[in-house]
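Asker: Handing you a structure now.
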Amino acid sequence: MMRHLFLILDCSESMSSQDLKPTRMLCSLRILEGFIEEFFDQNPISQMGIILMQNKRAEKVCELGGNFRKHIKYLRSMSKTSLLGEPSLQNGLEDAFSSLKLVPTHASREVLVIMGSLTTCDPTDINTTIQKFKQEGIRCSIIGLAAEVHICRTLANETKGTYNIILDDSHYKDLLYQQVEPPPAAVALEASLIKMGFPHQMNTEGTDEPLTICMCHVDSTEEGKLTTGGYYCPQCLSKYCELPVECRACGLTLVSAPHLARSYHHLFPPANFEEMQFDKQVTTCYACQKTFNDGDKQVYQCPTCKRMFCIDCDIFIHDTLHTCPGCATNLSTFQLIQS
Numbered sequence: 001m002m003r004h005l006f007l008i009l010d011c012s013e014s015m016s017s018q019d020l021k022p023t024r025m026l027c028s029l030r031i032l033e034g035f036i037e038e039f040f041d042q043n044p045i046s047q048m049g050i051i052l053m054q055n056k057r058a059e060k061v062c063e064l065g066g067n068f069r070k071h072i073k074y075l076r077s078m079s080k081t082s083l084l085g086e087p088s089l090q091n092g093l094e095d096a097f098s099s100l101k102l103v104p105t106h107a108s109r110e111v112l113v114i115m116g117s118l119t120t121c122d123p124t125d126i127n128t129t130i131q132k133f134k135q136e137g138i139r140c141s142i143i144g145l146a147a148e149v150h151i152c153r154t155l156a157n158e159t160k161g162t163y164n165i166i167l168d169d170s171h172y173k174d175l176l177y178q179q180v181e182p183p184p185a186a187v188a189l190e191a192s193l194i195k196m197g198f199p200h201q202m203n204t205e206g207t208d209e210p211l212t213i214c215m216c217h218v219d220s221t222e223e224g225k226l227t228t229g230g231y232y233c234p235q236c237l238s239k240y241c242e243l244p245v246e247c248r249a250c251g252l253t254l255v256s257a258p259h260l261a262r263s264y265h266h267l268f269p270p271a272n273f274e275e276m277q278f279d280k281q282v283t284t285c286y287a288c289q290k291t292f293n294d295g296d297k298q299v300y301q302c303p304t305c306k307r308m309f310c311i312d313c314d315i316f317i318h319d320t321l322h323t324c325p326g327c328a329t330n331l332s333t334f335q336l337i338q339s
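Throughout the sequence shown, residue numbering follows UniProt numbering, covering 1 to 339 in sequence.
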């Protein structure tokens with residue numbers, strides 16, 4: 001349910017190539033904006049950080065955090081970044097490793113590398129770094145913008161990640177969005193109970209609420225906003241603008257019920273429906289009530305509740321809803337799934 005992902009972006013001279021329009025870098029920034037927003041929509045209690053590789057060095061520009069607006073704002077500020085030298089894949093991985101090794105093992109630890117260069121300039125043997133990632137169980141996936149590089153393939157294979165080369169910008173987007181869904185968990189993954197808080201609005205009993213500043217902007221260099229509303233930590237009563245967030249005062253993870261629900265469905269996705277020839281077993285789709293006709297060659301049956309669905313509902317259930325309507329409306333089946 002909880003993912004910690006570092007995005008390592010190549011900012012070397014190779015990213016100025018115009019095989020993606022207008023350039024590899026600008027195309028990547030545009031696609032990454034949508035990816036980050038979708039990542040946090042589907043994994044709301046997860047965290048992401050950003051590392052840049054440039055001029056044989058790596059720089060951690062965004063620490064692990066759950067504020068997607070901060071990450072998107074930084075990406076937008078990079079449109080005029082100078083693209084220099086060669087990347088250093090090893091330095092980028094080491095920066096990510098220094099943060100991910102401190103993350104508890106009950107959360108998944110991942111690295112996603114966007115690699116535009118065909119070379120990497122590293123200070124020492126990168127195979128040593130790869131073995132550290134393998135031993136710690138940190139998964140590394142790479143999306144290449146040029147051609148396949150042997151060391152990238154080795155990194156992905158050793159850490160049980162994926163490595164793909166894009167064909168064009170639409171294929172690039174498809175490969176990137178495949179990383180939104182959590183990877184399969186390791187069999188030996190540690191189970192742990194995590195204390196969480198569900199913030200509430202303060203009840204002022206009809207009086208005007210005082211203007212206060214939230215904890216997330218108390219040290220901000222930007223102009224702080226005094227507001228009356230907000231989410232209050234149930235443990236220390238610190239105020240925050242938005243959820244989810246980790247309380248800066250007491251360290252409690254603050255979430256809402258919908259955040260947990262959107263993360264939970266990844267653990268128990270609905271089973272793939274069975275494709276069947278339509279021979280008038282039923283007259284309508286169970287979900288949308290569309291009437292089946294002779295033009296419908298196939299229908300799709302849930303293996304658990306045995307309800308029939310059209311292809312549009314099949315896609316919607318597995319890609320968006322993540323719950324079978326037939327199973328959810330049948331009490332005995334629903335209890336069986338939950339157990």
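For glycine and all other residues, C-beta sits at the position ideal for the given N, C-alpha and C. All values reported here derive from a predicted model rather than from experimental measurement.
1. Report the rounded CA-to-CA distance for Lys21 versus Arg30, giving the unit in angstroms.
2. How about Thr120 and Ser88: are their beta carbons less than 9 angstroms apart?
3. What are the start and end residues of the alpha helix (DSSP H) that includes Lys134?
4. So which of Ser17, Pro44 and Leu26 has the shortest CA-CA distance to His4?
5. When you compare only the Cα positions, how much space is there between Pro270 and Asn55?
6. Return the Cβ separation of Arg139 and Thr159 in integer angstroms, given the expectation that the two are a contact with Cβ distance under 8 angstroms.
7. Could you pull the start and end residues of the alpha helix (DSSP H) that residue 425 belongs to?
8. Using the Cα positions of Gln235 and Gly229, report the straight-line distance between them to the nearest angstrom.
9. Whose C-alpha, out of Glu275, His322, Cys288 and Ile142, is nearest the C-alpha of Pro303?
10. Consult DSSP for Leu176 and reduce its assignment to one of helix, strand or coil.
11. Are the segment 127-143 and the segment 102-110 in contact at 8 angstroms, needing three or more beta carbon pairs?
12. With Asp10 and Ser117 assumed to form a contact (beta carbons below 8 angstroms), what rounded beta-carbon distance in angstroms separates them?
13. Return yes when the Cβ of Cys241 is within less than 9 angstroms of the Cβ of Gly197, no when it is not.
14. In chain order, what residues of the same chain lie with their CB nearer than 7 angstroms to the CB of Leu75, ignoring the 5 residues before and after it?
15. Give the DSSP-derived three-state secondary structure of Asp319 in the structure shown.
16. Could you give the residue range of the beta strand (DSSP E) that holds Met115?
17. Considering only C-alpha positions, which residue in the set Leu243, Pro123, Met48 and Gln131 is nearest to Thr201?
18. Measure the CB-CB distance between His71 and Met53 and report whether it falls below 9 angstroms.
19. Who does Ile213 pair with in a DSSP beta bridge?
20. To the nearest angstrom, how far is it from the Cα of Leu193 to the Cα of Cys152?
Answerer: On the basis of the supplied data:
1. Computed Cα separation, rounded: 11 angstroms.
2. For Thr120 and Ser88, yes; Cβs fall inside 9 angstroms.
3. Start and end: Ile126 to Glu136.
4. Nearest of Ser17, Pro44 and Leu26 to His4, Cα basis: Pro44.
5. Straight across, the Cα-Cα distance linking Pro270 with Asn55 is about 46 angstroms.
6. Right, the Cβ-Cβ distance comes to about 5 angstroms (below 8 angstroms), so this counts as a contact.
7. Lying before the first or after the last residue shown, residue 425 is absent from the chain, which here runs from 1 to 339.
8. Taking the straight line from one Cα to the other gives about 18 angstroms.
9. Nearest of Glu275, His322, Cys288 and Ile142 to Pro303, Cα basis: Glu275.
10. When secondary structure is reduced to three states using DSSP, Leu176 falls in the helix class.
11. When C-beta atoms of the segment 127-143 are compared with those of the segment 102-110, three or more pairs fall below 8 angstroms, so the two segments count as touching.
12. Contact between Asp10 and Ser117 holds, since their C-beta atoms are separated by about 6 angstroms, short of 8 angstroms.
13. Result no, Cβ atoms of Gly197 and Cys241 do not sit closer than 9 angstroms.
14. Excluding five sequence positions before and after Leu75, the CB atoms of its chain that fall closer than 7 angstroms to its own CB belong to Leu29, Leu32 and Glu33, given in chain order.
15. If DSSP states are grouped into helix, strand and coil, Asp319 belongs with the helices.
16. DSSP places Met115 in the uninterrupted beta strand (DSSP E) bounded by Ser108 to Met115.
17. This sequence places Gln at residue 201; Thr is not what is there. Here the closest residue by C-alpha is Leu243.
18. Taking a C-beta distance under 9 angstroms as the contact criterion, His71 and Met53 do not qualify as a contact pair.
19. Here Ile213 is bridged, per DSSP, to Leu226.
20. Going by C-alpha positions, Leu193 is about 35 angstroms away from Cys152.
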